[in-house]
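**Q** The structure's right below; bear with me while I get my questions together.
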Amino acid sequence: MAEKSGHGVEIQNNSMQRDILSSQLSVPIVKVSYWTLFRYASRQELSILGLAASCAAVSGAVTPLMTLVLGSLAGQFTGFQAGSTSVSEFNQQLSRLALYFVYLGVGSFVTVFISIEGFSFAGEAITQRTREAYLQAIMGQNIAFFDSVGAGEVVSRITGDMNMIQDGISQKLGLTVAGVTTFFAALAVGFVRSWKLTLVMLSVTVLIILIMGGAGKGMKKYQIQANDAYAVGATVAEEAFTSIRSTTAFGTQPWLAKQFGMHLDNVRRFDFKSKAFLAFMIAAMMAILSFQYGLAFWEGSRLLHDGSISVSKIITVIFSSMLAGVSIGHVAPHFGAFATATAAGQKIFHVIDRKSPLDPMSGTGKRPASVDGEIIFRNVRHVYPSRPDKVVLNDLTLVIPSSKVTAVVGMSGAGKSTLVGLLERFYQPVGGEISLDGWPLQELNLHWLRAQIAIVSQEPVLFNTTVYENIRFGLLGTDLEDVPQEKVAGLIEEAARIANAFDFISNLPGGFQARVGERGMLLSGGQRQRIAIARAVVSNPKILLLDESTASLDPRAERIVRVALDAASKNRTTLVIAHRLSTIKHADNIAVLNAGILVEQGTHEELVRNRGVYHSLVEAQQIESNYPSEAIDFQDGGILGTENAKEPDLMSTQISTDGTSPTDKDQPHYSLWELIKFIWSLNQNEQSWMALGLAVSMGSGTGYSIVAIFYGNSIISLVNPGASTGGHDIDFWCAMFLTLGLALFLLYTLQGMTFAWASSRLIRHARDLTFRAILRQDMTFFDMKENGSGALSSMLSTEAAMIAGMSGATLAALLNFIVSVISAIAVACSFGWKLALVCTSTMPLLLACGFLRTWIMADLEKRTRRQTEAAGFACEAVSAIRTVASLRMERDVCSRYSQMLRQQTKKDFRSLLLSSILYAMSQSLIFFASGLAFWYGGTLIANGEYTVKQFFVCFVAVIWGSQAAGAIFSYAGDMSNARAAAARVMTLLNQTPSMDSWSVTGKDSPVGLKGSIELRSVSFCYPTRPGRLVLKNVTLTAEPGQFIALVGGSGSGKSTVISLLERFYDVVSGGIYVDGNDISTYQVQNYRSQLALVSQETTLHMGTIKDNILADKEDASEAEIIQACKDANIYDYVLSLPDGLYTSVGTKGSLLSGGQRQRIAIAKALLRNPKILLLDEASSALDSASEVAMQAALDRAAKGRTTIAVAHRLSTIQHADMIYVFERGTVLERGNHAELISKGGRYAELVRLQEISLG
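The sequence shown maps to residues 10 to 1264 in this note's numbering.
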């Protein structure tokens, strides 16, 4: 038999237990192909894709038809020059054939438009549905799944990975279909004209396909690894944003940036390898195409010499092969997008295809008609799946009678909250059975079960919406969900009154419609707790679970809420988890747990008489009191203060009608040149590589123009070698193509590798700097609605990566195209300036279409920032997954997320339509330009002004230059995204907060800081809500080494004092002085290093226990860490773990209990050896025994340092040197415990309310 968990129990690895544990964690590995990405395409979208693909194929086939016209015209030219065709006949044929280009141009416009619009529309719709399916799958997962998958990873998947999928199934797919069709249609034309010559050229095509297949496999492999590496880093970032107050107070920004940077280094390595495969593929293809031209002319000359082919057919076949090569060259970069999309789909579909063992959205399971509420734990044994070597509950049997109040108490980590988790079926026990009214829980429908239960947890989570909506969430999944709105409003108001929240809510700007901020951070802890209680009671549940539900309330508010909860508990089953024993002394039964075992149970009186474990816990919470004979007035049961409600001015954070927030409108405007310089600066360490890449790109960009010269000379050499440049024969020009191919392979390889290196490092630098810049901001920045942790995580995932749209492969391609255009015009003008000028006259139209499309895509990108808002919402839901699960919010979350996406899709349709029209125009103009070139060139030949060689050099150079000009703007989306992203990142990096932790200005606080504190007539209001004072003329003094306590009602301003001492904000008037110096004169980071803060809601970071205790104190010794753990009363627990200090704490510390997290936070604070210790409800999550030990440790630690403690549990501060009683932002009373008791005022009232009877 296994030993007790408190002694480090080893679990017997029987197969059933392993199956139960593995089913809660395992994720199936499913094979994801490119076509899997289309799983969620509807019939309508498949029809649209079919039509779009058909049009793309037609548009691709139209281009090779041009080679037939080109061949015929070339035949006319050579015939005219040979004298076999008259001038009149030549002009007649010239006009007829030139008109064919116009027809082809019109056909191209129609088919390209339908193709691009169809793929864009369908791609966005399919990606949106995949996003919805992914979030639905996430919402359906069991809680153990989230012990290793954080909210940051979900944001990374739902933004970055989904964007990759959309990129791979939208426009680029249409362009690829057209390009591949062009390739095969060109080969078909070649076969029709000369199957022998075409067959020779086809042998090279096989090599191209093999190279593309091998490179694609490599790209996919490393892109998957890059995505996975970033997903872990994204979780680090999201945790940092969620716990930003703790991060700022401890100055752990550099440590977190280092942790994030380590993950970014892994991303960079894999990203470079993926891009290196793409670079090799493009280089090999460009070289092979040049070899193919040489092979074609060489074989063509042999066939011409044998008399089995004409010059016209050779030119048609070679033009076809040239067109095939160009089309593959333009399409080749898109294959990287397909490999990336498939790689991104791996983890997406792994989650979608995972069958959760505890699926809240499943329809299976029984739904009894009525519920009495009797709960029985029979021999329950529980182990958390992520820590299979630790027993949490060991053979526990406990009966929770129907309609009675059962309380569970015990040491921190004894398994109390685990009971709540098992009742909610967050986890599956490995042994025993839990039943409700005789029904085993596993036989009941999970959604129905949770609808019978309401829970108020130790750390209540509110959502970033209104107070009204947060309370309404308690009705989801119940019979009251669909009642008329008037009745819902009445239920919400009544619930607020029961929770003693109605008055403070009414005083908020907007009342019930006031926003509460992310995780409710715009409210005080007590206010959040009361809204959570209102949310729990609004549905009148059959079973009420209270897990430290009043831990954040002051004694008077707690008494009022307790009376309300006592009334609400009548005729319903209530399970209360409590450390503050005054809250449960009237319970019908009290169960005492120790190390997962039930050690005693009974009523309060029975357990006190037994003088066992419970009696010792009660004794530990006694408060010394000597009340005056006068009666204490208990009549004032109203709200004790509302000023700490930091609700911002709603107008300051609302989203305007055009979809942008005020920060968008206030964003500085940067010129393109400024943004390019900014991006260049991000690659400062790679500038030598960038310079090499730029130089090589310019060289490789001349390839098309050189091919044009070789092409024209090769054609004339077939008929008259002496007329070619230098009088060389065809063998010479074929050798030139071979040489050019080798040179292009070298140039494109260097270009691709240098930009892959620079691009991967650019993204790494951009994300690193953006993360550091976010952590640099002050609290006002994080108080704003648009700067929630989800939105910031989304920005980090997508915006920083988008910057690469103006670097890397995109920049290389753009440089290639620009140099191609310039060199093409230069070559054409040098061989025939008249024809060159006429041909290039169409380029301004091409450029105009491209620039307009870029502008539209930039506007479209601004609107798609709403996806960031949707991603932020998803992140918030996943971050609070336990609350989402207990409130049955899964379907509501999915529905609201879908609505956010669909609103955006409707607004985007018009922009996509205009973008598609402009792109189609740019493609059709190439045909019109070709027709004009042939008509005018033919006229010049007919007039004897130009030779055939001059014409072909000019034509090939300019037409290819025109194609390059058009291809530039196929990158319009990447460029516009990059420009907008660079502007936002640049704005953030240039944003200097008023309290800048990076600043070196201000004097250093002395190493020998004594720790005297003085608040002189301090008044304060939060920057997001000016004019509403939270503190009013507060004066407070703490001598060095004193223990100062701040008590009072919830929302009275106590925690605000802590925030001001940490310099999260600056005072409006008055001053705060430490050692006689105004703290605003100190260097911020140096000043904060003298302080340590332990707050009410502790969030740990993913990593080990040691990582979380050390944080920025990496030079601390093992002995110092152990001593800090001992002082925090956590060392024995750490020793009981198999991995000790190296035990993983899970995402946000989810693998530890609330009390264990709190003690680790205290150890972290003590390790800093601070001069000033700030405790904001530091022991709220501790049991009585731990609290006593902790208090003794804090008393020892307080020697030589000043301690400011905010407390509701008055037993923790009765020995304070001075106690300040706050009410409505002012100091109502001050004195030590005895003095305040003797006064018989507000403090004495609070003490009386918390006293526990031992008799």
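Heads up, the beta-carbon is just placed ideally off N, CA and C, and yes, glycines get one too.
Would you mind working out which of 1237, 1232 and 1210 sits nearest residue 1226, comparing C-alpha positions?
**A** Of 1237, 1232 and 1210, the residue nearest in Cα terms is 1210.
**Q** Could you give the DSSP three-state label for residue 737: helix, strand or coil?
**A** If DSSP states are grouped into helix, strand and coil, residue 737 belongs with coil.
**Q** Mind checking who residue 385 pairs with in its DSSP beta bridge?
**A** DSSP lists 408 and 444 as partners of residue 385.
**Q** If you follow the alpha helix (DSSP H) that residue 544 is in, where does it begin and where does it stop?
**A** Looking at the DSSP string, the run of the alpha helix (DSSP H) that includes residue 544 is 534-546.
**Q** Identify every run of the alpha helix (DSSP H) within the stretch 1109-1140, keeping only runs that are complete inside it and at least 4 residues long; order them along the chain.
**A** Qualifying alpha helix (DSSP H) stretches, in chain order: 1114-1119 and 1127-1136.
**Q** To the nearest angstrom, how far is it from the Cα of residue 98 to the Cα of residue 989?
**A** Roughly 56 Å separates the two Cα atoms.
**Q** Leaving out five residues on either side along the sequence, give the residues of the same chain with a beta carbon under 6 Å from the beta carbon of residue 651.
**A** Here residue 651 scores only 37 on pLDDT, less than 50, and its place in the model should not be relied on; the value that follows carries that caveat. Result list for residue 651: 513, 516 and 1060, in chain order.
**Q** State buried or exposed for residue 449, treating a residue as buried only when at least 16 other CB atoms are found within 10 Å of its CB.
**A** Counting Cβ neighbours within 10 Å, residue 449 comes out exposed, since fewer than 16 surround it.
**Q** For residue 1040, which three-state DSSP category applies?
**A** Reduced to three states, the DSSP call for residue 1040 is strand.
**Q** Would DSSP call residue 272 helix, strand or coil?
**A** Of the three classes helix, strand and coil, the one that applies to residue 272 here is helix, per DSSP.
**Q** If you scan the stretch 193-252 from start to end, which runs of the alpha helix (DSSP H) of 4 or more residues do you find wholly inside it?
**A** Segments of the alpha helix (DSSP H) lying fully in the stretch 193-252: 204-251.
**Q** Pull up the CB-CB distance for residue 300 and residue 746, whole angstroms please, since I reckon it's below 8 Å.
**A** That pair is a contact at about 7 Å.
**Q** Applying the criterion that 16 or more other CB atoms from any shown protein chain within 10 Å of the CB defines a buried residue, is residue 1251 buried or exposed?
**A** By the 10 Å Cβ count, residue 1251 comes out buried.
**Q** Assuming residue 415 contacts residue 619 under a Cβ cut-off of 8 Å, what Cβ separation, rounded to an integer in Å, is found between them?
**A** About 18 Å; that fails the 8 Å criterion.
**Q** Could you please give the first and the last residue of the uninterrupted alpha helix (DSSP H) stretch that includes residue 681?
**A** Its alpha helix (DSSP H) spans residues 681-691.
**Q** Tell me the DSSP bridge mates of residue 1047?
**A** Looking at the DSSP assignment, residue 1047 forms a beta bridge with 1022.
**Q** Taking the alpha-carbon positions, what's the residue 879 to residue 176 distance?
**A** Distance between the alpha carbons of residue 879 and residue 176 is about 19 Å.
**Q** Thinking residue 417 and residue 600 are a contact (beta carbons under 8 Å), I'd like their distance in whole angstroms, please.
**A** That pair is a contact at about 5 Å.
**Q** Give the C-beta separation of residue 801 and residue 783 to the nearest angstrom, bearing in mind that I take them to be a contact with Cβ-Cβ under 8 Å.
**A** Confirmed, Cβ separation roughly 6 Å.
**Q** Going along the chain, which residues of its own chain have a beta-carbon closer than 7 Å to the beta-carbon of residue 687, five neighbours each way excluded?
**A** Result list for residue 687: 991 and 995, in chain order.
**Q** Touch check for the stretch 722-734 and the stretch 750-765: three-plus C-beta pairs under 8 Å?
**A** Output reads no: the stretch 750-765 does not touch the stretch 722-734.
**Q** Could you spell out where the alpha helix (DSSP H) holding residue 97 opens and where it closes?
**A** Taken as a continuous stretch (DSSP letters only), the alpha helix (DSSP H) holding residue 97 covers 96-148.
**Q** Considering residue 599, what are the terminal residues of the beta strand (DSSP E) in which it resides?
**A** Counting along the chain, the beta strand (DSSP E) containing residue 599 begins and ends at 598-603.
**Q** Pull up the DSSP beta-bridge partners for residue 696, would you.
**A** Answer is none; residue 696 lacks a bridge partner.
**Q** Smallest Cα separation from residue 1113: which of 489, 377, 1173 and 274?
**A** Residue 1173 is the option with its Cα nearest to residue 1113.
**Q** Could you check if residue 1010 is buried or exposed, using at least 16 other CB atoms within 10 Å of its CB as the buried criterion?
**A** It counts as exposed.
**Q** Could you check the C-alpha separation between residue 621 and residue 410 for me, to the nearest Å?
**A** Answer to the nearest angstrom: the Cα atoms are 24 Å apart.
**Q** Determine the extent of the alpha helix (DSSP H) in which residue 459 is found, giving its start and end residues.
**A** Run containing residue 459: 455-460, per the alpha helix (DSSP H) assignment.
**Q** Excluding the 5 residues flanking residue 441 on each side, which residues of the same chain have their C-beta closer than 6 Å to its C-beta?
**A** 387, 388, 389 and 390, listed in sequence order.
**Q** So, are the CB atoms of residue 1105 and residue 534 less than 8 Å apart?
**A** In contact: residue 1105 and residue 534 (Cβ atoms closer than 8 Å).
**Q** What do you get for residue 212, buried or exposed, if any count of 16 or more other CB atoms within 10 angstroms of its CB means buried?
**A** Residue 212 should be labelled exposed.
**Q** Starting from residue 609, follow the beta strand (DSSP E) in both directions and report where the run begins and ends.
**A** Start and end: 606-611.
**Q** Tell me whether residue 897 is buried or exposed, calling it buried when 16 or more other Cβ atoms sit within 10 Å of its Cβ.
**A** Residue 897 is buried by the Cβ-count criterion.
**Q** Just grab the DSSP bridge partners of residue 1087 for me.
**A** Paired residue(s): 1082.
**Q** How would you label residue 667, buried or exposed, when you count the other beta carbons within 10 angstroms and need 16 or more for buried?
**A** Residue confidence is low: residue 667 scores 35 on pLDDT, short of 50, so the model does not pin down where it sits. Its coordinate-derived value is still stated next. It counts as exposed.
**Q** Quick check: the Cα distance between residue 1043 and residue 1063, rounded to an integer number of angstroms?
**A** Whole-angstrom Cα-Cα distance: 11 Å.
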